[in-house]
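Chains as they are written, first to last, in my numbering: chain A, 1 to 343; chain B, 344 to 669; chain C, 670 to 988; chain D, 989 to 1316.
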């Protein structure tokens, strides 16, 4: 179902979802042409992250992981400096020191990105502690996958968040379905004994809820409630979004297994080829969102294609900007080990 | 009979050989039944089943400790840590348990385990997936640490590590996985604690480790064109250090350069220089020089990353410095 | 062959509890006299969990303990003399003076090792259990830990692994209500620690850990389950430590009230045996055991210090 | 000048930090370890209950929370208690705190202090006697302060608290009973400036933390044997005042490094290598390193004493470096 938002706001969400998708499709193509190192893609999870994170406000902090591109775009980060960072250019958000694994943009509420599974959890909880103690009504959002909950850092941090009733929202995007080594239909994961991930949080008395990752309304609504709870002193919330792992994610190096997304498939089922029919019909949250928008009359198919064209251009311009950008000066490698000293 | 194989294949085939040879050997790690991220354990699960090749959750601390517990019970676990940096999550189990239990119990217990750790720069993986941490491990009494640079030693040191009665940290460099060389046909272990003279020379001793051995050799070859005769030692074993071989070489050449990819400050090179100075002070005729990474985290930008790790030119410059001292 | 753990307890268990009590009281005295150095954590008041669980184990079952390990070691069959010698840093100690109180090890009786790191022993026990399981052996592994350990990440990782792989391990949480110096409520909002294990589908029981007649059958059931392929169990023993976190603790405030006899497992079990008309069998136990412990301490203190050459041995295997 | 105990100085600097900046919060309760002094911190905690957080036994979680809080705008001082417990928090200290400023290209800072008590303290055995500062040194991005007396402690920690970088504050429980003069209005001491608590001409001893006290004690005795020792206390390992060390070695021609880390790849190795590289021409004798021997720290008192760098060992090493026969 569609989020309870004005049509204009829904269109903004659609645009961000398309940008996120096109951004990574271009990236995968680029990786076919040149060695840009290893990276992880967010394709298949846009219908969770974009509606959930778009509602955050200035000053809210978010701590993400190795699968971060969609999260940054959800909060308004620009394709150009993101590509530049991934390509190690001086115009990247981190001036080439972070790369895809540590893509962070403080101005968009991403102060640092850890690519150690679970690395961001204590940081997010600590940011919640800091915000609470500073008397701020801002929230800290912790973005993890299901694997991060296997780490001890989760348990230690969840306990602290619960004890102190911290303004933290844990958004766990569980993409373990058909992940590397998973048997189909196996939730939450073959390496997790808990039958329900939400119980890992509710045992601490943390408000917990599981949602369908393809349901943009659920993502938007649960996040709205969680953020409200956090801002009003009600403590942490744990949201498990059950997302589908995109076939192109397998094995570890992403490939355009389902081809470049053709938005027309949303309204013209005859374009869907049999080999990935389930993905295109039922699992691709972007196509699903477009279908719902068409059904509700928020957009027409022409308008959707127009948005797509604009988004694709923005992404391509961003890529061109990044490719044209210079590498950092060599001596920059020695900068920013330490913040400037006052003395 | 020997044939040319890749470094990673040497690791795979030793793992298979040791699983076959000894029922107590087993492998633990994330996604190991699928081969792990670089394929070192590919196919082993099919041959040996899920009790010998065990997939674990992403729980480095518990998995490391669990291997220690299994080792205490007489088995020989091989733990795969996907990236060296993730050892930080298991540091307490490694330092406070694996390394010390034999000593704390005065030899009542043994911890025969191998910790396979993949690390090093390359591929733009950034600060949290590229570190070389051998100095930390060298600093921990009770651990043995090996870092093969050649295909032959990749096999020989892994055999030695698995059969050793103590915890051995086996450091694999990502950048060496696809290098080729002559593999050993049999299962000859490379003794832990022995360095190798990979190039004999009389003017300067260059001690290198892991991927830097190849860099040092190519620097030596270039320097040879100018009649500078460089001896290159492959340390192979970071702990214990083969002081005898180093001492013999330095007393002959009277000059020392140490090359590693890790950060210079507090690195393995510090120990080597300090050690040589203590024992062969009078033999040295110019200051030792350390070549390594600067004191910064590893940058992600491929451009900066290339500058970060030492290369042939850095080694040449260091050798020349020892020859033209002040 | 499947061994069934004894679910009943008798005078020999009372004797074992007195042995632990006498040992720790003597250790406390020696510490105060400066004969034992370092950190000494006593478990006076918690004897029923040690004896209740270890008394249901077979000699080859493996026990892993934490920083409060004396009772577990003794209950598993370690000799008090060699334990005293270890606490006093003597050559005749189990670890030749290299381990001390927190790192006791008597693997010959199945007390594999203790660790000074909170929760550090949990994965070790899991590893032993994994080893048994993969080899098709019937040995069970036991980890003893306190309530403070339940807030560590390792605890969580280990619950997951124990359940995921259905390991033959019994996780015994001695919940004495205090993690080091703080009450449990200052450490977690979770009131029943066994709830954590429930989350992972591990069978749990929360019991009165000061009542040996309750601990023993619960332990026996858990141990039998592990031995028969039923996987892990979590036993939360509510108990009461009658001393501070460590000997010499300047913040100790747990005075007379804490010494409430009603909570003392030895008094309780004594009453139980009296009620069971076995008074005659109890006579002289305490005196005998105290004398034995006294003698053991004396011999330990007369033992030689380690030699300097001992210092450098057993860092790695001797060639 | 008023005198105070080192332990009192710890409380004093915590008090001044809390009073001086609303953003300073204390996390942890073992700043004074398990020593009898630890009740002194209690008064401070009672005075500022809202500025103190007592975490569960969850070093990975709460040290990480300190990092996150620093990112969000607090300036936490986080206590890890015994140095050995930092190993449980290595993933957050060394993989997050140390890297964040760099990885973000300077966008994000981590203004926090991480405190621990290191070293052989008597009966701590293998798991409670660590000195992990060499490992921390090998990881760029952390500042490391190693005070050796009450005045330096206050001045250095004031700087650490004001610093925008993650700073490791290294204490030693054996220092807590040391008394020293503390100026009334003590100023922050800039990082990277060594102090020379004793000047001399025959031998330079480099020592930090508790080892400064032992080296000074030994120097006193050596003076009576006619050996004039200069003691260099770096005060901060990162940044390191290399010049002060090189200057001293240029004067004395001899170096003894006394350090409580293990020998292999310890602090001593880095200092020795630095001097070997940069002051080679000044050296009249091989550099000597004295460190905790490369075995886990044993429990038994005579064994423990045998592994740590004692005053007697400093004396012997100093005599050997200067060529004076022992027993002179």
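Every residue, glycine too, gets a C-beta built ideally from N, C-alpha and C.
Between the alpha carbons of residue 320 (chain A) and residue 1065 (chain D) lies a gap of roughly 45 Å.
Cβ contact annotation for residue 967 (chain C) (same chain, cutoff 6 Å, sequence separation greater than five): none.
Contact annotation: residue 1098 (chain D) and residue 1132 (chain D) have beta-carbon atoms that are not nearer than 8 Å.
Residues of chain B whose Cβ lies closer than 7 Å to the Cβ of residue 776 (chain C) are, in chain order, 451 and 452. Within the segment 1246–1264 of chain D, contact with chain B at the beta-carbon level (separation under 9 Å) is assigned to 1249, 1250, 1251, 1252, 1253, 1254, 1255, 1256, 1257, 1258, 1259, 1260, 1261, 1262, 1263 and 1264. Within chain A, the residues placing a beta-carbon under 7 Å from that of residue 1128 (chain D) are 337, ordered along the chain. Between residue 422 (chain B) and residue 434 (chain B) the beta-carbon gap is near 13 Å, outside 8 Å, which marks them as no contact. Residue state for residue 947 (chain C) is assigned as coil, using DSSP reduced to three classes.
Close to residue 125 (chain A), with beta-carbon spacing below 9 Å, lies no residue of chain C; the smallest spacing is near 13 Å. Here residue 1126 (chain D) is near residue 608 (chain B), since their CB atoms are less than 8 Å apart. Within a 10 Å sphere around the beta-carbon of residue 164 (chain A) sit 16 or more other beta-carbons, which makes this residue buried. Here the segment 676–696 of chain C lies against the segment 727–744 of chain C, with 3 or more beta-carbon pairs under 8 Å apart. Taking C-alpha positions only, residue 331 (chain A) is separated from residue 639 (chain B) by approximately 11 Å.
Counting other Cβ atoms within 10 Å of its Cβ, residue 113 (chain A) reaches 16 or more and is therefore classed as buried. Of the residues B:663, B:350, B:636 and B:655, the one whose Cα lies closest to the Cα of residue 333 (chain A) is B:636.
Against residue 203 (chain A), the close residues of chain C are 859, 864, 865 and 868, in the order they occur along the chain (beta-carbon pairs closer than 7 Å).
Excluding five sequence positions before and after residue 305 (chain A), the CB atoms of its chain that fall closer than 8 Å to its own CB belong to 263 and 264, given in chain order.
Comparing C-alpha distances from residue 154 (chain A) to each of A:337, A:328 and A:124 shows the shortest one belongs to A:124. Rounded to whole angstroms, the gap between the alpha carbons of residue 1010 (chain D) and residue 1039 (chain D) is 8 Å. If one requires a minimum length of 3 residues, the beta strand (DSSP E) runs lying completely within the segment 505–570 of chain B are 511–516, 523–525, 539–542 and 547–551, in chain order. Residue 1102 (chain D): member of the beta strand (DSSP E) spanning 1101–1106, first to last residue. Assignment of beta strand (DSSP E) within the segment 17–96 of chain A, counting only whole runs of 3 or more residues, yields 61–63 in chain order.
Beta-bridge partners of residue 814 (chain C) (DSSP): C:842. The beta carbon of residue 326 (chain A) sits closer than 7 Å to the beta carbons of 89 and 90 from its chain, once the five residues preceding and following it are set aside; these are given in chain order. The secondary-structure analysis by DSSP pairs residue 732 (chain C) across a beta bridge with C:780 and C:811.
For residue 882 (chain C), the uninterrupted alpha helix (DSSP H) segment begins and ends at 881–896.
Here the C-alpha atom of residue 58 (chain A) lies approximately 9 Å from the C-alpha atom of residue 107 (chain A). By the CB criterion at 8 Å, residue 843 (chain C) and residue 784 (chain C) fall outside the cutoff. Residues of chain A whose Cβ lies closer than 9 Å to the Cβ of residue 399 (chain B) are, in chain order, 150 and 191.
For the segment 366–399 of chain B, the set of positions with a beta-carbon nearer than 9 Å to some beta-carbon of chain C reads 366, 367, 369, 371, 394, 395, 397 and 399 in chain order. For residue 1159 (chain D), the pairing in a beta bridge is given by DSSP as D:1105. The alpha-carbon separation between residue 102 (chain A) and residue 193 (chain A) amounts to approximately 30 Å. Counting along the chain, residue 1295 (chain D) sits inside no beta strand (DSSP E); it lies in the alpha helix (DSSP H) bounded by residues 1289–1295. The C-beta distance from residue 242 (chain A) to residue 213 (chain A) rounds to 5 Å, short enough to meet the 8 Å contact threshold. A straight line joining the alpha-carbon of residue 1204 (chain D) with that of residue 641 (chain B) spans about 40 Å. Per DSSP, residue 212 (chain A) is not a residue of any alpha helix (DSSP H); the beta strand (DSSP E) it occupies stretches across 207–212.
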